[in-house]
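Under the numbering used here, the first residue of the sequence shown carries the number 89, and numbering increases by one thereafter. Virtual Cβ for every residue (Gly too), placed ideally from N, Cα, C. Note that this is a predicted model, so its numbers are computed, not measured. Reviewing the structure listed below.
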Amino acid sequence: MSTTTLRAKKKGTVMGKTLRARFKRGVFEPIEKIDLPEGKEVTLTVLDTLPVDEEAFWRAAGGWKGLIDADRLIRNIYADRLIRARPKPRLR
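Encoded structure:
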């Protein structure tokens, strides 16, 4: 569990805790132990994670192959990074 201290404008210090919970039968059940007094009211922010579609990732692999000349692209990138290829800076 991570803890963050935030400064509120008028109400003093606010402690923020991040924890994992499971939603079952209309109730959030903590997955790990929580150090809060019984009956303490808290505000929850729900962050949903999207499932990873690994199969789609592998289907897309190499989809650009043959569309560009990769060796030429790499040469161009390195050429653009060379100091001598840059314009001289103008100092005032």
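Just grab the DSSP bridge partners of P125 for me. On the sequence shown, residue 125 is found 37 positions in, with the first residue counted as 1. Answer by DSSP bridge pairing: none, since P125 is not bridged.
Coil, strand or helix - R163 by DSSP: The count along the sequence shown starts at 1 and reaches residue 163 at position 75. In the structure shown, R163 sits in a helix (DSSP, three-state: H, G or I).
Check whether the Cβ atoms of R110 and E120 sit closer than 8 Å, and answer yes or no. Indexing the sequence shown from 1 puts residue 110 at position 22. Indexing the sequence shown from 1 puts residue 120 at position 32. Taking a C-beta distance under 8 Å as the contact criterion, R110 and E120 do not qualify as a contact pair.
Could you tell me which uninterrupted alpha helix (DSSP H) segments, each at least 4 residues in length, are contained entirely in the stretch 132-160, listed from first to last along the chain? At a cut-off of 4 residues, the continuous stretches assigned as alpha helix (DSSP H) that sit fully inside the stretch 132-160 are 142-148.
Which stretch, first to last residue, makes up the beta strand (DSSP E) that contains R110? Against the sequence shown, residue 110 aligns to sequence position 22. Following the DSSP letters along the chain, one finds R110 inside the beta strand (DSSP E) bounded by residues A109 to K112.
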